[in-house]
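Everything in the sequence shown is counted per the working numbering, starting at 20 for the first residue and increasing by one. Glycine included, every Cβ here is placed at the ideal spot set by N, Cα and C. Since the structure is predicted, the reported quantities are computational estimates derived from the model, not experimental observations. Notes follow once the structure below has been shown.
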Amino acid sequence: MGNNGSSFKLYVKHLGAAYLIYIILGMFNSLLFKQGIYNFGAFDEVEIKFRLAQTIDIIMFIAVIWASWAQYLVTKTINKNFALVALLFRFGEGLLGFVATIITLAVIAVLKNPEFSTVFQDEQLHTLASIFVKISGSMWDVLLIIMGIGATIFMYLFYVSNYVPKWLVLWGTFTYISMVVYGFSNIVLLNPPQILSYFMMPGAVFEITFGLWLLIKGIDIQPDKNHA
Numbered sequence: 020m021g022n023n024g025s026s027f028k029l030y031v032k033h034l035g036a037a038y039l040i041y042i043i044l045g046m047f048n049s050l051l052f053k054q055g056i057y058n059f060g061a062f063d064e065v066e067i068k069f070r071l072a073q074t075i076d077i078i079m080f081i082a083v084i085w086a087s088w089a090q091y092l093v094t095k096t097i098n099k100n101f102a103l104v105a106l107l108f109r110f111g112e113g114l115l116g117f118v119a120t121i122i123t124l125a126v127i128a129v130l131k132n133p134e135f136s137t138v139f140q141d142e143q144l145h146t147l148a149s150i151f152v153k154i155s156g157s158m159w160d161v162l163l164i165i166m167g168i169g170a171t172i173f174m175y176l177f178y179v180s181n182y183v184p185k186w187l188v189l190w191g192t193f194t195y196i197s198m199v200v201y202g203f204s205n206i207v208l209l210n211p212p213q214i215l216s217y218f219m220m221p222g223a224v225f226e227i228t229f230g231l232w233l234l235i236k237g238i239d240i241q242p243d244k245n246h247a
């Protein structure tokens, strides 16, 4: 392989750690902090949770970019062009995530700026804050699409390289294609079927499994399985 053996193993550990960090942060945030933070009528009571939720999202997207970097370094010896395209999509996911978080943070500017409260009524401010949240939510749909495309390409590279078991790669491929379908359905359909969201549930389990596999088992880099 083109990579120094010890450096390559380090990149694999980086990838496993980044996967675990961003998926665990995302789950932790959704379950503990994001519940009820969009109750703008009682925003003073949830403001700290709201700020913490956005902070965790920022850290999560830093981990996404970290994972993108590591995944590129691990897969570029298989097919550098494909790995670069996948990197661009997943790096774009991280950047779009930052933008979506910034838009959500505009809620604080709207609700906590005393100048606005003298010009607008509370209901108007709550409506404006809700608009920012809806815009951010729409960006998450786009984010799912570009994440799914980039991650599916990376899964293809893992598949042809035999770095990890085929069953794990196929599970990941199903996970990320489901994200693409779910993202598009939320954009195209007025009322997307609820069942589509259920297909994404195994995704979190996959990313935890994949991250643990890379950290504990590593990858198979036998010479006869490498691809130029």
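By the Cβ-count criterion, Gly-116 is buried, with 16 or more other Cβ atoms from all chains shown falling within 10 Å of its own Cβ. Per the Cβ contact rule, the region 103 to 120 is not in contact with the region 48 to 66 (fewer than 3 Cβ pairs under 8 Å). Assigned with DSSP and collapsed to three states, Lys-236 falls in coil, not helix or strand. In this structure, Tyr-38 places its C-beta atom within 8 Å of the C-beta atom of Phe-229. Note that the C-beta distance between Ile-196 and Thr-171 is below 8 Å.
By the beta-carbon neighbour count (other beta carbons within 10 angstroms, threshold 16), Met-174 is buried.
C-alpha of Glu-66 to C-alpha of Met-158: approximately 22 Å in a straight line. Relative to the Cα of Leu-92, the nearest Cα in the group Gly-60, Gly-169, Phe-27 and Val-224 belongs to Phe-27. Note that the region 117 to 127 touches the region 139 to 157; at least 3 beta-carbon pairs, one per stretch, sit closer than 8 Å. One thing to note: Gly-202 has its Cβ within 8 Å of the Cβ of Asp-160. In its chain, beyond the 5 residues on either side, Met-174, Phe-177 and Tyr-178 have a beta carbon closer than 7 Å to the beta carbon of Val-188. Across the set Thr-137, Gly-35, Val-126 and Leu-163, the C-alpha of Val-126 shows the shortest separation from the C-alpha of His-145.
About 7 Å separates the Cβ atoms of Phe-59 and Ser-149, confirming a contact at the 8 Å cut-off. Straight across, the Cα-Cα distance linking Leu-233 with Gln-90 is about 11 Å. The distance from the Cβ of Val-129 to that of Leu-147 is about 5 Å, consistent with a contact at the 8 Å cut-off. The shortest C-alpha to C-alpha distance from Asn-48 to any of Gly-237, Phe-101 and Ala-72 is the one to Ala-72.
Distance from the Cα of Tyr-182 is smallest, within the candidate group Ile-42, Ile-240, Ile-81 and Lys-68, for Ile-240. Pairing Trp-88 with Met-219, the inter-Cα distance amounts to about 24 Å. Per DSSP, the unbroken alpha helix (DSSP H) holding Phe-173 starts and ends at 141 to 180. Setting aside the 5 residues that flank it on each side, Met-46 is surrounded in the same chain by Ala-223, each with a C-beta closer than 8 Å to its C-beta; the list follows chain order.
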